[in-house]
Every structure is written in structure tokens, then in C-alpha cells.
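Read through the structure below, which is laid out as C-alpha cells, and then see the notes.
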Amino acid sequence: MDVQIQALADAGDAYQFGRRQAEQLKKTPLYLKHASRRKKSIRRYQTDLHEAKRWLLDWSPGLWEELHGLADGLEWRLEDVVHEYAGYQESWKKSGCSAMMRNGLYARNYDYHPKTYDGRFVLWKPSGGSGAAHIGFAQRMIGRMDGMNEHGLAIGYHFVNRIAPTDGWICCTLARIVLDQCRNVPEAEHLLKEMPHRHAFNYSLADRTGRFSVVEGSGQSVNVLRKSGGVCTNHFRTPGKLTENRHRTEESEHRLEHLKDLRHEFSDPASGYDFLNNSAHGIVKHDYRNWSGTIHTAVYDTVNLEVTAGIGPDAVPVTISLKKWLENGRFPVKKLRGALPQPDGGDHLAQQADSFTDNDSFSTM
């Protein structure tokens with residue numbers, strides 16, 4: 001099916017950003033999916049509103065204001081918005097995801113099921129010093145699947161296991177807070193070690209100085225794998241966390257070794273994108289019905305603050321400059337186009353292609 005991912009650029013007050021996102025969400029098929037899953041969300045997990053508020057006010061107060069804006073824009077209770085979107089406690093199914101980091105470049109595949117995909121690519125610059133400007137793919141409204149901020153820090157996550165979940169934040173919210181609040185890999189490592197984690201995930205990191213690492217996080221403990229080889233897949237590698245892996249990690253281990261081989265030739269955004277998105281190289285995934293198909297590929301150039309991204313396997317990429325947007329406020333890209341198979345539940349991405357006009361993309365810079 002042909003899909004179009006909406007590209008949004010906004011700057012200013014976090015509360016108003018939340019309201020504007022809510023107003024646009026209500027125009028889309030995605031809103032109907034979110035509204036209809038509320039009963040299921042309520043059955044599956046609980047959220048401690050006061051605990052979520054405490055953590056966000058300590059680490060990312062602008063995100064708390066954004067949630068208030070979402071609540072007012074959607075005309076939902078704040079408790080419901082925090083429960084649905086904040087990401088403090090949630091379930092997660094298995095998924096793939098591959099990353100390579102080298103010389104300030106961060107290349108990443110997001111592999112999952114289209115039914116859960118927001119279909120939103122966001123540039124955001126908060127006012128008032130409440131966080132860093134960033135660019136990336138949105139998930140659950142406020143979260144980010146992967147992204148890069150104005151300081152030249154990039155992050156993405158990789159599912160490992162959901163056994164024995166604990167009270168804590170889900171992956172996309174943690175990635176968003178890192179982009180908001182951290183300037184480099186060491187700061188991101190520190191934040192991810194301080195925040196509580198709901199499930200077991202890897203967080204691959206790269207910054208403009210050429211540093212990279214993988215943070216192995218779960219409710220049990222958080223370890224930093226600095227000798228990662230500049231690659232990351234879907235299993236833990238530090239000795240203290242091997243027992244938290246799934247029973248079968250052969251595919252993830254094989255993919256990791258293949259990424260190590262490809263990384264030797266990873267010299268620029270074009271090569272990184274080709275290695276991860278071109279089916280001939282064997283990294284891109286097609287198993288959508290089993291929650292492991294490549295939905296997007298992104299290469300973040302943390303030195304030049306540019307992103308090369310495409311939707312679906314074997315896709316024609318587009319390059320978007322965070323740096324130029326911050327300098328002149330112009331953002332000509334309205335949509336990212338691509339093609340995906342049509343497994344059950346992914347129809348909103350095809351319908352969304354007709355949900356927006358160019359006027360629906362906003363920029364207040």
C-alpha cells in the first residue's frame with residue numbers, strides 16, 4: 001500500500017505545541033485508533049499520574065506542559081492523556097531494529113508492525129530553554145522512535161524482552177527525554193541510568209564528536225556497553241544482563257555480525273542508507289505480520305544536522321536539514337512517501353495519505 005508520513009515543524013510554547021498536535025490528530029484515522037484502544041489500554045496497564053508528573057517535572061518539564069496541551073486539544077482528562085501517551089508503564093511486543101554508528105553518523109532501521117505506527121515526522125524547537133530542538137519520528141504522540149537534537153546527539157531503541165516488566169517509562173518516552181535534555185553520549189548514558197525502565201531495551205547512541213555506545217536498560221538494571229563495535233540489534237551483550245535475553249537470539253546475533261561487516265564501508269549517509277534499506281544487503285526486514293517489518297530507515301548526520309530517511313524497504317530517500325530549519329525557519333518537506341505491505345491494522349497509514357493538505361503542516365518559526 002502507498003503511505004505518506006506527515007512532516008511537521010513547530011517552535012515555541014510546549015503547551016501550544018500539544019494543542020496543535022491534538023487538533024491535527026483529530027483530523028486523522030489515527031485518532032480513531034487511539035480513541036478506540038482506550039478500553040484496552042485501561043485493562044492492560046495502570047499509570048500513576050503523580051509519579052509520572054514527578055519524573056517529568058524533574059527531567060523534562062516541557063513535556064509535562066505538552067501533555068497538558070494535548071489534553072485540552074483532545075478534550076480529554078489529563079489523567080487519560082497521561083495514561084495513553086506519557087509512557088509511564090506500557091506493554092510492548094517483539095520487534096527488530098538495527099543500527100550502525102560511525103564517525104558521527106547514526107543509521108537506523110525501525111522494524112515493527114504498521115498498525116502501531118503514528119506516521120508523523122516532527123521537527124520541534126521549544127522556547128524558554130525547556131529543552132533542545134530536535135528532529136525525528138514520533139510515536140504515541142509525545143514519544144520518539146529515533147531522532148537527533150540540535151547538539152548533534154542521536155538515539156534509537158531496540159526491543160530485547162518484555163519479561164517481568166516493572167514500573168517505569170517505555171522506550172519512546174525515554175528517547176524523547178534524551179533528545180530534549182542531553183547534549184552528548186555521556187549525558188544520555190547518565191539520564192538512561194537514572195530513569196526507571198518498564199521493559200528491556202537497547203538504546204543506541206551517537207554524537208557529533210564521534211562517540212557512540214549502547215545502553216542496555218531494563219527494570220532490573222542499566223548497563224553501558226561502550227565496546228559495542230558501533231552496531232546494535234535486539235539482545236543484551238554485557239555479562240550481567242545476558243540472562244534477560246529471550247531464549248532465541250540467533251537471528252539478532254547473526255544480524256549484528258552482518259552489520260559489523262557492513263559498517264566497515266559505512267562512510268556517508270548514502271552508504272548507510274543503502275546498507276540498511278536495500279533488500280540486497282539482507283538487513284531490511286519484511287516480516288510485518290510477525291511484528292518485524294522495516295517501516296522506516298533513517299541516517300542522522302550529527303555533524304551537519306541532516307537526516308536521510310525513507311519509508312518502507314527499497315525506498316527512495318529524502319534528506320531533511322535540521323540545521324537549515326533552525327537557521328531560516330523554512331521547511332519545504334510536507335510528507336515522506338513510501339510503500340508498505342498491507343497487514344491487518346495498518347490501513348490508517350494508507351487512509352492518512354488523503355487526510356492532510358499542505359496547509360496542515362505548521363511552522364511557527
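If you count the sequence shown from 1, position 90 lands on 90 in UniProt numbering, and the numbers rise without skipping. Heads up, the beta-carbon is just placed ideally off N, CA and C, and yes, glycines get one too.
Three-state secondary structure (DSSP) of residue 112: strand
For residue 368, the three-state DSSP class (helix, strand or coil): Look at the range of the chain in this structure, 1 to 365, and you will see that residue 368 is not part of it.
Which of helix, strand or coil DSSP assigns to residue 212: strand
Residue 186 - containing alpha helix (DSSP H), residue span: 185-194
Alpha-carbon to alpha-carbon, residue 253 and residue 166: 26 Å
Residue 31, enclosing alpha helix (DSSP H) - first and last residue: 29-36
Inter-stretch contact at 8 Å, needing at least 3 Cβ pairs: the stretch 54-73 / the stretch 245-262: no
C-beta contact flag for residue 127 and residue 12 at 7 Å: yes
Whole-angstrom distance between residue 23 and residue 358, CA atom to CA atom: The predicted position of residue 358 is uncertain, since its pLDDT is 47 and thus under 50; a value taken from the coordinates is nonetheless stated next. Looking at the two C-alpha atoms, the distance is approximately 15 Å.
Beta-carbon proximity list for residue 65, same chain, < 8 Å, skipping 5 on both sides: 13, 14, 15, 18, 130
Paired residues, beta bridge with residue 296 - DSSP: 110, 311
Through-space distance from residue 210 to residue 366, alpha-carbon basis: One cannot answer for residue 366 here, as it falls past the ends of the chain, which runs 1 to 365.
Proximity of residue 145 and residue 106 at Cβ, strictly below 7 Å: no
Candidates 141, 60, 213: closest to residue 181 by CA position: 60
Reduced DSSP category for residue 130 - H, G, I as helix; E, B as strand; rest coil: coil
Under the three-state DSSP convention, the category residue 177 falls into: helix
7 Å Cβ shell around residue 223 - same chain, five flanking residues per side excluded: 216, 238, 240, 241
6 Å Cβ shell around residue 74 - same chain, five flanking residues per side excluded: 22
Between the CA atoms of residue 76 and residue 281 - distance to the nearest angstrom: 46 Å
Assumed close pair residue 83, residue 41 - CB separation to whole angstroms, cut-off 8 Å: 7 Å
C-alpha distance - residue 30 paired with residue 188, whole-angstrom precision: 31 Å
Nonlocal neighbours in the same chain, by C-beta distance under 7 Å from residue 49, ignoring five residues either side: 79, 82
Backbone CA spacing between residue 322 and residue 195 [nearest angstrom]: 28 Å
With 16 other Cβ atoms within 10 Å as the buried cut-off, status of residue 34: buried
Contact under 7 Å by Cβ, residue 319 with residue 273: no
Contacts around residue 183, its chain only, beta-carbon distance under 7 Å, and the 5 residues preceding and following it disregarded: 151, 153
Rounded straight-line distance, which links the Cα of residue 204 to that of residue 5: 24 Å
Per-residue burial, residue 96 [other beta carbons within 10 Å of its own, 16 or more giving buried]: buried
Integer-rounded CB distance, given that residue 340 should sit under 8 Å from residue 122: The Cβ separation is near 20 Å, so there is no contact.
One or two residues paired with residue 316 in a DSSP bridge: Answer by DSSP bridge pairing: none, since residue 316 is not bridged.
Cβ neighbours of residue 168 in the same chain (closer than 6 Å, five flanking residues each side left out): 196, 197, 198, 219
Outcome for residue 243 when other beta-carbon atoms lying within 10 angstroms are tallied against a minimum of 16: exposed
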